[in-house]
Amino acid sequence: MSTNRRALLKVIVLGDSGVGKTSLMNRYPYAMKQTMALSTQFLRLCNFLYICISTFLSSGGFLIDGLFRYVYNKFSLQYKATIGADFVTKELQIDDKLVTLQLWDTAGQERFQSLGAAFYRGADCCVLVYDVNTLKSFEQLDNWHEEFLKQADPVDPNLFPFVLLGNKMDVDGGSSRAVPEKKARDWCASRGDIPYFETSAKEDYNVDEAFLCVAKTALNNE
Ligand code: GTP
Ligand code: MG
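According to my numbering, the stretch in the sequence shown is residues 13 to 234, in order.
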């Protein structure tokens, strides 16, 4: 582990189309959406402003706090497929470290995937997402897991950290789920004890907790 007190953590979010990857990231408070099309200079300026605002927030800027929640902490029922990739960043304090979490949202639809191996390289953690109501999205996890390891090519594939999220827990109050919790936990255990969270982007359930675990898991791998 690095001894530097700042860390930039790259996290890649994968999973079938429609499972709620983008919705989960939009739910994550204060995470700032940026697109790959923006120039690096502009991204740097955004990051600088964002860090200034975050510092102000942590010293009690309640008005801006509310505004950020209003602008970013949003859920939409309308499905808009992700094309290529987008990322959001979030500043977190974990123990004595200031962590910038860079969460990369990817396209689940094959025709919108245009990411080469270079995109996956240097990742500190991979988040896999499935929909608890759709068996197929769970069955595809093996493929996403394998594909990630193939592309990212980490030093030790057996030690690379993943986190699994079972999303859409709110649907019919959980009664229409197609994947029992035990089945998901067994899958995680068989893959080297992957941390598992059941979430709802719609109801804002367990989203903060899940991403905090992602940040800690990524930091351990830095
Ligand atoms: P791709 O970009 O195609 O890979 O899809 P995605 O995984 O990003 O899915 P997205 O976040 O766009 O969500 C797909 C649909 O599911 C949208 O209509 C969302 O409103 C809905 N959705 C996402 N999360 C939830 C959830 O927790 N509960 C419910 N009920 N619906 C959700
Ligand atoms: Mg998406």
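Virtual Cβ for every residue (Gly too), placed ideally from N, Cα, C.
* Of the choices E193, F172, E221, whose alpha-carbon is the least far from that of A145? -> Translated into the one-based positions of the sequence shown, residue 145 becomes position 133. Before going on, a small fix: residue 145 reads as Asn here, not Ala. Answer by Cα proximity: E193.
- prompt: Would you say A36 and V219 are within 8 Å of each other, going by their C-beta atoms?
  reply: Taking the first residue of the sequence shown as 1, we reach residue 36 at position 24. Taking the first residue of the sequence shown as 1, we reach residue 219 at position 207. The sequence shown places Leu at residue 36, not Ala. Result yes, Cβ atoms of L36 and V219 sit closer than 8 Å.
Check: Less than 7 Å between the CB of D117 and some heavy atom of the ligand MG, yes or no?
Finding: The count along the sequence shown starts at 1 and reaches residue 117 at position 105. Within the cutoff, so yes.
Notebook entry, point to check: Can you pull the DSSP bridge partners for S212?
Noted result: Numbered from 1 along the sequence shown, position 200 holds the residue referred to as residue 212. According to DSSP, S212 bridges with Y217.
message: the ligand GTP and K86: does the residue's C-beta get closer than 7 Å to at least one heavy atom of that ligand?
response: Taking the sequence shown and counting its residues from 1, one reaches residue 86 at position 74. Not so, every heavy atom of the ligand GTP lies at least 7 Å from the Cβ.
Q) Quick one, which of H157, K214, L177, E158 has its alpha-carbon nearest D11's? A) Only positions 13 to 234 of the chain appear in this structure, which leaves residue 11 out of reach.
Going by DSSP in three states, R18 sits in which element: helix, strand or coil?
Reading the sequence shown from its first residue, position 6 is the one you call residue 18. R18 falls in the strand class under three-state DSSP.
Can you tell me which residues form a DSSP beta bridge with Q163?
Along the sequence shown, one-based indexing puts residue 163 at 151. Answer by DSSP bridge pairing: none, since Q163 is not bridged.
(message) For a test of the three-state rule: what should DSSP assign to D182, helix, strand or coil?
(response) Stepping through the sequence shown from its first residue, residue 182 is reached at position 170. Here D182 sits in coil by DSSP.
- Query: Between R203 and K195, what straight-line distance do the alpha-carbon atoms span, to the nearest angstrom?
  - Reply: Residue numbering aside, residue 203 sits at position 191 when the sequence shown is read from its first letter. Residue numbering aside, residue 195 sits at position 183 when the sequence shown is read from its first letter. Between R203 and K195, the C-alpha separation is close to 13 Å.
Q. Of the residues D182, A129, V141, which one's Cα is nearest the Cα of L161?
A. One-based indexing of the sequence shown puts residue 161 at position 149. Residue A129 is the option with its Cα nearest to L161.
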